[in-house]
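If you read the protein sequences in the order shown, they are chains A and B. Read left to right, the first sequence gives residues 1 to 896 (our numbering). Read left to right, the second sequence gives residues 1001 to 1896 (our numbering).
There are 2 protein chains.
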Amino acid sequence: MPKKRSSKGRLEEMLDSRRRAEQGNGSRGSHYRGGREDDGTRTGFQNNGRDGNMFVMEEQPFSSSRTHDNPFTSTTAGASSRSRGSNRNSGSRPRRHSLTAQLNASIDLGTGRRTSKVSVNGADGLGPGDDDEDDDEMILLAEEPEHDPVLHRHRSFSPGILGRLGIGRDARPDFRYDDYSTIDWARDTALELKRKKESVRFQGYISQAWDAASGWVLMGAIGVLCGVFAGFIDIGAEWLSDIKEGVCPRAFWLSRKHCCWAEELAEQRDTCELWKSWGEMAGYSIEDDARLAGASFAVRYFAYMGWAALLAGICALLVVRISPYAAGSGIPEVKTILSGFIIRGYFSLWTLAVKALGMVAAVAAGLSLGKEGPLVHVACCCGNALSYLFAKYRLNEAKRREVLSGASAAGVSVAFGAPVGGVLFSLEEVSYYFPHKTMWRSFFAAMVGAVVLSNLNPFLSGHLVKFYVEFDYPWHWFELIPFIIIGVFGGLYGAFFNRFNLNWCSFRNQSALRKYGITEVVCVALVTALLSFPNRFTRSSAADTIAALFSECAPGSVDPLCDDDRSIIMGDLLLACAFKALITIFTFGIKAPAGLFIPTMFVGATFGRVIGMVVEDIVASHESVSMIANACPNPDTCITPGLYAMVGAAATLGGVTRMTVSLVVIMFELTGGLTYILPLMLAVMISKWVGDAFNRDGIYDRHIRLKGFPFLDTKEEFSFATRAVDVMQPPVSADEPPVVLPCDGLTVAGLEDIIRNHTFTGFPIVNNRRDMLPRGYLIRSDALDALAEYKHDPDCDMSAPVQFFEDDAEETSFSRAVGDAMPSEQALDVTAAVHRDVFQVSHTMVMPTVIELFRRMGIRQAIVMREGRLVGILTKKDVIKHMHVMTARHANVQYH
Amino acid sequence: MPKKRSSKGRLEEMLDSRRRAEQGNGSRGSHYRGGREDDGTRTGFQNNGRDGNMFVMEEQPFSSSRTHDNPFTSTTAGASSRSRGSNRNSGSRPRRHSLTAQLNASIDLGTGRRTSKVSVNGADGLGPGDDDEDDDEMILLAEEPEHDPVLHRHRSFSPGILGRLGIGRDARPDFRYDDYSTIDWARDTALELKRKKESVRFQGYISQAWDAASGWVLMGAIGVLCGVFAGFIDIGAEWLSDIKEGVCPRAFWLSRKHCCWAEELAEQRDTCELWKSWGEMAGYSIEDDARLAGASFAVRYFAYMGWAALLAGICALLVVRISPYAAGSGIPEVKTILSGFIIRGYFSLWTLAVKALGMVAAVAAGLSLGKEGPLVHVACCCGNALSYLFAKYRLNEAKRREVLSGASAAGVSVAFGAPVGGVLFSLEEVSYYFPHKTMWRSFFAAMVGAVVLSNLNPFLSGHLVKFYVEFDYPWHWFELIPFIIIGVFGGLYGAFFNRFNLNWCSFRNQSALRKYGITEVVCVALVTALLSFPNRFTRSSAADTIAALFSECAPGSVDPLCDDDRSIIMGDLLLACAFKALITIFTFGIKAPAGLFIPTMFVGATFGRVIGMVVEDIVASHESVSMIANACPNPDTCITPGLYAMVGAAATLGGVTRMTVSLVVIMFELTGGLTYILPLMLAVMISKWVGDAFNRDGIYDRHIRLKGFPFLDTKEEFSFATRAVDVMQPPVSADEPPVVLPCDGLTVAGLEDIIRNHTFTGFPIVNNRRDMLPRGYLIRSDALDALAEYKHDPDCDMSAPVQFFEDDAEETSFSRAVGDAMPSEQALDVTAAVHRDVFQVSHTMVMPTVIELFRRMGIRQAIVMREGRLVGILTKKDVIKHMHVMTARHANVQYH
């Protein structure tokens, strides 16, 4: 049903031009300007709206760095970035998607005319035979013209079976989306529908049952693999950590606990004769005189630092040379990827291997980092690799994200031995979409992972984590006061840590430091070891200390925490707390796999334990106060300092990550009882409130913004009554029509011209530039593919029309507009690449609703309509930018 | 930017009419017909699409009943319903919304022209003074014309403070939505934005802080109230249950346990000399000879039945006479209301009182029902009542639903002593929208409720439920086989129960039985008591029996389960299981508050315990089999039959409700340890799969459909590639344009005509009927209000134009079209009632995406666009209908 406006009269054209003029001049009534207070700022973004992959945050003071080694750092701000961004888009486009634009130079024998046809899987043509087309595609790619800078692309080698499994950082390109681009959930839904329909048609009952069961099989396999990896990492880290202090001469590959496992008494299993410290190995027995003891101490100190530097160096080498993606905790990237972003190779098998090995080395080196966050990354790598075994998930980015949600639940489950907490962590912190089906499967994967790990029994304790505690002493209502103090401390620490860690990371990115990644890791490890060794609480691994802090002093315990000299203990604890708090700022962000949970818990647990000891003293010295006397018949066992340590750990974690339910549930699963859930909840709640008063987001969200990912936070509340028309591109003030592809009379040359001159990632298709009635949407890369294929034909005609729709009437309309000189059989056929289902929003729609639409539907762009006419385009990046600008501007009146 | 088409040339008009003709004739290309295989069925719905509140399911065999006493029952099917539905809409419209259409007969002094103006809170005019406008509104209502059948409405009395709190079933009308209508989440979002903006402008810092904190205060208050109600219900039901068997002569208001609380030995607290059975009270001591024992038995039997009938009668009287909404479990209605439906009075204080008292009586009467589901309803009533104390929640239906989500979490939390399980239950089963903020607050409410209840200590055991168990015996891998058998049983039972309960409920609705609600309850109670008394496992309350089934036989236990005569025990258990399974079918649905959890757990626990005993026997007789010998060093303590009972309870619950994660977490919190989570999960998983193989939905979803609520299930997967154009109204095949309100030249008489002739709940506004460019949406009731107000003016001019937009150019365009004869100051001004932000979908959009849009954005309707032109309207009901039709049609090829 084409619009036949080409033969319209003069009057109508006059009216149209007048309408256009009104549109541009901002004569749209007062509500258009109502919510627009940000013209000044936004002009800097105006043309930057939809170009390339850069995304620059204004509010990060140090983010405009120009690094090249870190692929995530947002490179530029302002005008210069724009040209660079577009260069990158046009100049060298690495690893272009290829299955998307499966190019067929087909000859239609029926009509005899030759059409260059581009077919897109999302919209069409995913038959059961698609798996075999990789080779065809390679041949087609080899025939591509190299001379055209717009169309130049790297050749990728045939992926093969290893490539399919993601081996090699870039070996397995995703065939449908560009790297650093956002997926389209609605499109992938349609793709899955298509696949199901096809499979119903072609497969037997057994295949269908397998297809239905494959999700469960996959989640189970992920659980098993996560459990195995976690066990390997736990055991490996344990052994290498102990190597810093000594060795089992009988069998050097045994950790201290495994070495002493033969001892009959359980208490002796931690320290036995079979295990030799490096001092003893060097011949200085600890029982010798003071001079020898001093020498022994020196040897042990030296060995400790030497091992730390060596292990840290190995770790950094692995990360820098083999897989830079293995650095950091990975949770910011996992969040971004689950929200629909593509970072190719982030979950590859190389990353998996380097992350697992590097984590063992980094933990063993005594760096102030944990393995909980990286385990989520490892779990996602496992999930990604395994999902390639199933066509259902291999070919569908949106479906694969369901698998990754479950995998991250399994990762947390094995990290903390908390399956329910893992599922809630995935739901609350990591996942973007979490339908009920995914929740149930996540739970399954988390359960399987926990069961597998508990059967591996890495700590020989029957528990999945070192700091599992089980005590059931009651707490008293008056203790809520110290718990509140701990909660406030947690919030303050979170705000402090988030601020200075972010500042340091920004500084690193723009200083010369970023060139010396390996040196930095080794130096941090040396400083950490140097300062850790003297303090008995920082010398052993952080998890061991946390376990000691959580547990109670049994009578006659040899634990250093249970000494009689309480003031020295408290001093050491506070020193350890301050040291960890400072060193972690410099550690989180170095080129090593680094989780935040353990150091953060360490800080909280030491502080909490100190508070607990103080309260213990107060109670002991105020036995006669009636409140205390009523609550505690026996003042000696009245206070449980271990509980204070746990509350402290929860509070600091809450302050740093701003997690809520999942954090409480994880702590609840660590203690195995409902008794302490109220103190834990109180501390987490207060620490979140206090932290939020200083800075808004958790550390992961801040790192996401530092790295410049286009992440639309599901938790952030946006409550400004701006409207779609204030955010869309082009802005109303620009007085220019949006860049569109008109159906009537667009030639191939015209299309190429538009694509060359504008770097937007996609273009709306309208009936014509006068009426602007929307008909569809064409992704830039699809258009480029079609153009490339078209121009590959030596006798291509650049003045031929572009055919957007199969409807024949369209061509008639075109012919009439352009004249009969054009042979229509030369048309560039992009019908299969056109998306007809782009979301439409009214220009008056309030932004909170628009934002919910983007969040909940996971769309990349929407077209803005005014009375049936397209007046602008809204992209995810525009929306995110608007949210940040408005929130930063109105921070003083914003409240929740 | 008005469209000035009124002066278009002849050519353009010709083109337009041709375009319209093409549109109607179905010449739209093949894809339009592709997915449409349901023309035949759908024609029955064609005009029924948007009318009234009726919603009839085709697949429920008995649902076309014509009850009048049950306000939920869908009354009709087919053509007769349509006329009735519209009668109901037009004839007597009870409790019309009024604050929505706050009628202002305002005189604009500036221009001197008189405009009847209708202003809508959602779009405009919610100032801080809105609370005071109820009285103004009453005056305006009193002046309304009574003679017009379309505009006739009931007068509601001024609500006052009790009305505000929801006292009286219908005393507090919601001022903005009709009863039995669906709320518009996007509109309420805008409303909240507006409110925040106003409050920023007018309030001080303290008020703002209070506004921000009020959500937490409210959730805390809900938790406290829930805990108190649960405690009251627990204690009351305990006492009345015991009254059936005997009395505490010392103080008749004490339950057996409270009566015996003075006993020193804990074991004697359940049976002591102070407590007298009715046999003893009648003078027959149990130690007397056989004849007297027989008489004692007869007296006790008679007293048991008498009390049961009496209590059941009281309960039914309360429910039928005072609050019919208190019947049933309430979870189907809570789900529907949380999804955005309005059922006025469902959460009123009368309902709360009747539900709480009725529940005590019903449980005490020994009916086969539990208090867990109704506690969710009670919690929501508390939440609803308390939310009226806060303007933020009182005036916003969408915000109030966040509160109700949290309240249902608190309800489950106090029902099972499982705060985490409660939150997950709310998330998985009940809530529709569950943002992170709500989750955290729900958790808070659930925690507070659990803490309050545990301080009330209703069972004198320190636990929140009777059947809390704490054992930690390991289970063995070979036991997974019996667990799988139990899972299969659970699934089969669920399918069986769901099917026959639904059939019986449908039968009740259409038979004469529905008129004898009270008699039915008493009869069911008598039959239950008659059959319960002889069996020792059914005589005591179901919760007690479940507690006994879950726990283990300690040596020397007096528990009847631990007798040596195992075959008699097993026989009794199986009899109890079969009896409960059958009687529950007839019980769930009677006019009494009735939860499903307890009877379902009873069935599962008895069956599971029997299986456990069988396995125990097998292990005892096959000690020498190597697998058993390896796993169990001591065969006597190898098997834990109590664990089998727990697994059985989880399996039947899974089969009946089809819950997953939340069910496992609730069971996990009941046992307080991770040890048994794998068996529980396995059983729930298998029972869900087996159940799904027979019938698709859980009992709650089936009851929702039986009752005909427009509930768009978030869990249901829809995977048919139909398109928006196949579902929209009017259908393409109808060859008629959609009913719209054109901006150009619609007179007041024309508007009234359209509203009288069509029963749709709303009408899209377009620029004109030729171009069909969408401009907004007008809700039927707003239009009716505006018309009523307009016609109230004696010299109103029915041929005056309707003014939809404030833009002056609009009127100019109108004047030009209608001519200058019309004085524009007489225009009917509906500008404030027009929604400009109605969602638009492309006609080619696949239905799974459209369904996700409806689900995730919570919208009531969307307009279907084809190239910028409105071609149809999609309502939530159309979408639900389509889903059911397609799923029923393709049940044979559908798989997940």
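All C-beta atoms, glycine included, are put in the ideal place defined by N, C-alpha and C. Owing to the predicted nature of the structure, the values given are computational and were not obtained by experimental measurement.
Counting the other Cβ atoms within 10 Å of the Cβ of Pro1794(B) gives fewer than 16, which makes it exposed.
Taking the Cα positions, Met1359(B) is about 7 Å away from Lys1371(B). Leaving aside the five residues that flank Tyr1346(B) on each side, the residues in its chain whose CB is nearer than 7 Å to its CB run, in chain order, Tyr1325, Glu1333 and Ile1337. At a cut-off of 9 Å between beta carbons, Met681(A) contacts chain B.
No Cβ of chain B is located within less than 9 Å of the beta carbon of Lys392(A). Judged by beta-carbon spacing, Val522(A) lies beyond the 9 Å limit of Ala786(A), meaning their Cβ atoms are not closer than that value. The way I'd put it, the segment 642 to 661 of chain A doesn't touch the segment 451 to 458 of chain A; fewer than three beta-carbon pairs between them come closer than 8 Å. Using a 10 angstroms sphere on the CB of Phe1425(B), the tally of other CB atoms reaches 16 or more, which defines it as buried. Its chain contains Leu1318, Val1319, Ile1322, Ser1323 and Ala1326 as the residues whose beta carbon lies nearer than 7 Å to that of Val1354(B), once the 5 sequence neighbours on both sides are disregarded; these appear in chain order. Looking at the DSSP output, Ser1842(B) sits in a beta bridge with Met1865(B). Per the DSSP secondary-structure output, Gln729(A) pairs in a beta bridge with Ile873(A). Annotation: Pro482(A) is outside any beta strand (DSSP E); the continuous alpha helix (DSSP H) that includes it extends over Leu480 to Gln510.
With respect to chain A, the C-beta atom of Glu1736(B) has no partner C-beta closer than 9 Å. Using beta-carbon distances, Ala365(A) does not count as an interface residue toward chain B, since no partner is under 9 Å. Using a CB distance below 7 Å, the part of the segment 1850 to 1884 of chain B facing chain A consists of Glu1852, Leu1853, Arg1856, Met1857, Met1865, Glu1867, Gly1868 and Arg1869, ordered along the chain. The residues Pro1458, in chain order, have a CB closer than 6 Å to that of Asp1234(B) in the same chain once the five nearest residues on each side in sequence are set aside. Within the segment 1439 to 1456 of chain B, those residues whose Cβ lies closer than 8 Å to any Cβ of chain A are, in chain order, Met1439, Trp1440, Phe1443, Phe1444, Met1447, Ala1450 and Val1451. Taken through DSSP and simplified to helix, strand or coil, Lys1276(B) comes out as strand.
Contact annotation: the segment 858 to 865 of chain A does not touch the segment 1754 to 1764 of chain B, with fewer than three C-beta pairs closer than 8 Å. For Arg1566(B), no Cβ of chain A is located within less than 9 Å of the residue's own Cβ. For Val1841(B), the closest alpha carbon among the candidates Leu663(A), Thr747(A), Arg775(A) and Pro249(A) is that of Arg775(A).
Excluding residues up to 5 positions away in sequence, Phe1694 and Asn1695 lie with their Cβ nearer than 8 Å to the Cβ of Arg1499(B) in the same chain. DSSP places Val319(A) in no beta strand (DSSP E); its state is neither H nor E. For Asn1767(B), a Cβ of chain A is located within less than 9 Å of the residue's own Cβ.
For the pair Leu1663(B) and Arg1609(B), the CB atoms are not nearer than the 9 Å cut-off.
Within the same chain, Cβ atoms closer than 6 Å to the Cβ of Val834(A) are found at Gly776, Leu778 and Phe804, the five residues on either side in sequence being excluded. Membership of Pro1332(B) in the alpha helix (DSSP H) is indicated by the continuous run Ile1331 to Leu1338.
Taking the Cα of Arg1702(B) as reference, the smallest distance to any Cα among Ala1592(B), Asn1501(B), Arg1723(B) and Ile1598(B) is reached at Asn1501(B). If you look at Arg539(A), you'll find it in the alpha helix (DSSP H) that goes Arg536 to Arg539. Residue-level contact by beta carbon fails for Asp1697(B) and chain A, as no gap is shorter than 9 Å.
Around the Cβ of Cys1382(B), a 10 Å sphere holds 16 or more other Cβ atoms; the residue is buried. In the DSSP assignment, Val1376(B) falls within the alpha helix (DSSP H) that extends over Glu1372 to Ser1387.
Within its own chain, the residues whose Cβ lies closer than 6 Å to the Cβ of Ile677(A), once the five positions on either side in sequence are excluded, are Phe668, listed in chain order. Minimum Cα-Cα distance from Gly491(A) among the listed residues Ser207(A), Phe607(A) and Gly589(A) corresponds to Phe607(A).
Below the 7 Å Cβ cutoff, chain A contributes Asp837 as neighbours of Met1845(B), in chain order. Of all alpha-carbon atoms in Gly462(A), Asn757(A) and Phe232(A), the one lying nearest the alpha-carbon of Val740(A) is that of Asn757(A).
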